[in-house]
Structure formats: structure tokens, C-alpha cells
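Counting in this note's numbering, the sequence shown runs from 1 upward without gaps.
Note that the Cβ used here is the ideal one computed from N, Cα and C, for glycine as well.
Just so we're clear, the structure is a prediction, and the values are computed from it rather than from any experiment.
Contents: one structure, followed by commentary.
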Amino acid sequence: MVHNPEMVKWRDWMTESLRAWVGTYFGAWEPLDEPVEVHAKFWLPRPGKPRLEHAATGLDTDKLQRCAGDALEQSGVLKNDARIVRWNNPEKDWTHDFTGDGSTPGVRIKVRKMQ
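Okay, structure coming up:
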């Protein structure tokens, strides 16, 4: 499958970021091999002159979601991204000027075991 170079950069960045955190809070880590739900919010670089109020251009939400699933598998968080049975409201927005989540391009990912 051919991927957009921007998508590959996002996936690789997410994979490296996740690898850096796997096992840091709970010690040794085995990839999750059970059904999970994932929530992801993406912050994309704001264009110099955005035409739209919301981030409705640039990278597609479904492709960002696919990259996040690949990164969760490649980093060892999940045994297989097929274990994702629910995506809980994936969102994307422009970065903003105040400090905190969303002040720089990135993603916040939450993974929860299905109950």
C-alpha cells in the first residue's frame, strides 16, 4: 500500500513517542491482546491563512486514525491493531496559541480495555 509521505511521518512520530512511554508507569509491558477502544485527538499545524474555522483540510481523520492504529501496534502497545473494536470520537483541530494540549502539533491517545 502506498502512503502519503506526511502520513508516514505522523505514523513514525507516533510510534517513536509511544515506544518511549511503553512500560514507564507499570513496569514490564506485554502488548494488549484483547478488545480495546481508542480515543484520539489530533492537533494539526494551523496554516498561515486558514480558509476554514475547523481543521477540515490537510490530513484526513480516517487516515490519521489508521496511522494511530499502526503506531499502537508497531510500538508494542497492542499485539495487533485489529484489537481496536471501537474508535471513540476521533477528532482533529488546528493548533492554538495558548500553552497546553494543542499548542503544538500532536495527538493525545487513550486506550482502554473493553468492559
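Check: For A40, which three-state DSSP category applies?; Outcome: strand
Check: What do you get for T99, buried or exposed, if any count of 16 or more other CB atoms within 10 angstroms of its CB means buried?; Outcome: exposed
Check: In the DSSP assignment, the beta strand (DSSP E) including K113 goes from what residue to what residue?; Outcome: G106 to K113
Check: Opposite E91 in the DSSP bridges: which residues?; Outcome: K41
Check: So, is D33 buried or exposed, given that buried needs 16 or more other C-beta atoms within 10 angstroms?; Outcome: exposed
Check: By Cβ distance below 7 angstroms, which residues in the same chain neighbour D81 in space, the five residues on each side in sequence not counted?; Outcome: G69, D70, L72 and E73
Check: If we ignore side chains and look at the alpha-carbon of each, how far apart do R112 and G48 end up?; Outcome: 36 angstroms
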